[in-house]
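Chemist: Sequential numbering from 3 applies to the sequence shown in the numbering used here.
C-beta: ideal position from N, C-alpha, C; glycine also.
Note that the coordinates shown come from a computational prediction; the quantities given were computed from them, not determined experimentally.
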Amino acid sequence: MAVRNYAGGMWSFGRIIDRYATNGYGPPVGTLETIELAARTKELTGLDLNYPFDEGVTVEQVKAALTAHGLTATNITPVIYDRGFRSGSFTSADPDIRRAATDLAHESVEVARALDARYVKFWPGQDGYDYPFQVDYPTLRRHAIEGIRDVARNFPDVTFAIEYKLKEPRNRLFWSTAAASLLAIEQMGADNVGLVVDFGHSLFAKENPAEALSLAHSMGRLVDVEVDDNYREWDDDLTAGALHLVETLEFLHVVRTIDWPHPLKLDLFPYREDPGEAVRESVATLRSLEDAAARLPLDALHAAQSRHDAMAVQRLVRTALLG
C-alpha cells in the first residue's frame, strides 16, 4: 500500500471561539496565514477551505499560497452556518435566506473549480430545529433535500458531499446520522451527492464509525473521510486516537479494506494546544494504527468473523495493537 497522505481543516489553525471565551482562544488568523501554518506541520498535503475567505483575499491569492507551500485544496466548504444563517440555510423559513445559501453554494463551485478542489462540502449546521413543534417536518425535509438537489443538478460535473452531525449548533440537525443522511440523499436522486463520514460525528451520534463508513461506501456515496476523537457526548474534535484506539483501528481497517485512495482528513479543534503539535500527534497515531491494521491476519480475521467469534477477534486485535 502507498504511503498514506493526510489533509486538514483550515479551522484547526484559526482563531477558535466558544460561548465562554468569546474573544477567542488565540489571536485572529487570516486565510493566507492559515495556509502557511498548515504547511509548517510538514504532515499535510491538502486543506479543507471555508469560503468566503477573509475580506480582501482573492481566489488567486489563495491558489498562489497553496502552490507556494505545496498544498492542494481538497474541497471548498461554503459557510452556511454563521450568523447570517442562524435560523437555517437551505431549510430557513425565509425564502431570501434559502436563496442566499444557494447563491453561496454556486459561488463555492466556481471557487472549487478555480482551485482544482475535488468536491464542495455542505455542513448545514443550522438546518434543523431546537424545540418540539417548532417546524413542520415534511417541509423541513423538502427544503433540506430540494435545496442541495437543485445545486447539484445545476452542476452535474461537480461532486458534492454532506457532512452529517447529530446536533450543534442546532439541538437537532436534519443531516444527523449516516443512515438518515443516506436515505435523504437517495430521495434526492442526485448521482453527484455523497457523504462525508467524520469519525467523531459518528461517535457522537452513537454509531459504530467503522460500520457507518462501510455503509456509505457500500451505497457508493462515500466522498471523504475525517478523523478525530471525542468522549461520545460532544463533538470535542480531540486528536485522532486520543480515546478510542480500538474503534479507530477498526475504522482504519475499513479504510484499508475499501482501498480508500484519498488523504484522510483531520478535523481538529485544538482550543488550548498548539495546532501544529495536534496535527503531528494525530498523524503519528494514525500511522501507528495503520501499521497495526496492516498486521491483522485477514484470513484468520475473516474466519473468526464468519463464526461471530468475539474472543478470537479480540486476540487478533490485541496482538496487532500490543504484540
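Rounded to the nearest angstrom, what separates His255 and Arg297 at their Cα positions?
Modeler: Going by the C-alpha atoms only, they are around 10 Å apart.
Chemist: Bridge partners for Asn77 per DSSP, in chain order?
Modeler: For Asn77, which the question treats as bridged, DSSP gives the partners Asp50 and Tyr121.
Chemist: Do you know how far the Cα of Tyr27 is from the Cα of Ile18?
Modeler: Their backbone Cα atoms lie some 6 Å apart in a straight line.
Chemist: Which one or two residues does DSSP pair with Arg174 in a beta bridge?
Modeler: Answer by DSSP bridge pairing, in chain order: Tyr131.
Chemist: If you count every other CB in all the chains shown that lies within 10 Å of the CB of Met190, and 16 or more means buried, which is it?
Modeler: Met190 comes out buried.
Chemist: State the Cα-Cα distance for the pair Asn78 and Met313, rounded to the nearest angstrom.
Modeler: The displayed chain sequence assigns Ile, not Asn, to residue 78. Their backbone Cα atoms lie some 44 Å apart in a straight line.
Chemist: Could you give the distance in angstroms between the alpha-carbon of Asn52 and the alpha-carbon of Pro80?
Modeler: When rounded, the distance between both Cα atoms is 6 Å.
Chemist: What are the partner residues of Glu165, as DSSP defines its beta bridges?
Modeler: Beta-bridge pairing links Glu165 to Val198.
Chemist: Would Leu268 and Pro299 qualify as a contact pair, given that the criterion is a beta-carbon distance under 8 Å?
Modeler: No, the pair does not count as a contact, with Cβ atoms beyond the cut-off.
Chemist: For Leu318, name the three-state secondary structure that DSSP assigns.
Modeler: Looking at Leu318 - three-state DSSP - the assignment turns out to be helix.
Chemist: Relative to the C-alpha of Phe162, which candidate in Arg223, Phe176, Ala218 and Phe206 has its C-alpha closest?
Modeler: Measuring from the Cα of Phe162, the nearest candidate turns out to be Arg223.
Chemist: Does Leu300 come out as helix, strand or coil in the three-state DSSP assignment?
Modeler: The answer is helix: DSSP assigns Leu300 an H, G or I state.
Chemist: To the nearest angstrom, report how far apart Asp387 and Asn210 are at their CA atoms.
Modeler: Here the chain comprises residues numbered 3 to 325, so residue 387 is not present and cannot be evaluated.
Chemist: Quick one: what's Asp226 bridged to in DSSP?
Modeler: Val198, per the DSSP bridge assignment.
Chemist: Could you pull the start and end residues of the alpha helix (DSSP H) that Gly10 belongs to?
Modeler: Looking at the DSSP string, Gly10 is not in any alpha helix (DSSP H); the run it does join, the beta strand (DSSP E), is Tyr8 to Gly11.
Chemist: Report buried or exposed for Arg236, applying the criterion of at least 16 other Cβ atoms within 10 angstroms of its Cβ.
Modeler: Note on identity: in this sequence residue 236 is Trp, with Arg being the wrong assignment. Classification for Trp236: exposed.
Chemist: Rounded to whole angstroms, what's the CA-CA distance from Glu249 to Ala212? Just pull it up for me.
Modeler: Cα-Cα distance, rounded: 7 Å.
Chemist: Would you mind sorting Leu158 into buried or exposed? The rule is 16 or more other CB atoms within 10 Å of its CB.
Modeler: Inspection of the sequence shows that residue 158 is occupied by Pro rather than by Leu. Flag for Pro158 reads exposed.
Chemist: What do you reckon, are the CB atoms on Leu266 and Ala294 nearer than 8 Å?
Modeler: No. Outside cutoff.
Chemist: When you compare each of Val160, Asp193, Ala23 and Val198 to Trp177 by their alpha carbons, which one comes out closest?
Modeler: Answer by Cα proximity: Val198.
Chemist: Take Arg42 as the anchor and find which of Ala107, Met12 and Asn194 has the nearest alpha-carbon.
Modeler: For Arg42, the nearest C-alpha among the options comes from Met12.
Chemist: Does Leu270 come out as helix, strand or coil in the three-state DSSP assignment?
Modeler: Coil, per DSSP.
Chemist: Do you know offhand how far Lys169's Cα is from Asp20's?
Modeler: Spanning the two alpha carbons is a distance of roughly 16 Å.
Chemist: Alpha carbons only, please: which of Ser89, Gly243, Gly278 and Ala40 is nearest the one belonging to Asn1?
Modeler: In this structure the chain extends from 3 to 325, so residue 1 is not present and cannot be described.
Chemist: By the three-class DSSP mapping on this structure, what secondary structure does Leu240 have?
Modeler: Strand.
Chemist: Can you check which of these residues, Ser290, Ala305 and Leu303, is closest to Val5 by C-alpha distance?
Modeler: It is Ser290 whose Cα lies nearest to the Cα of Val5.
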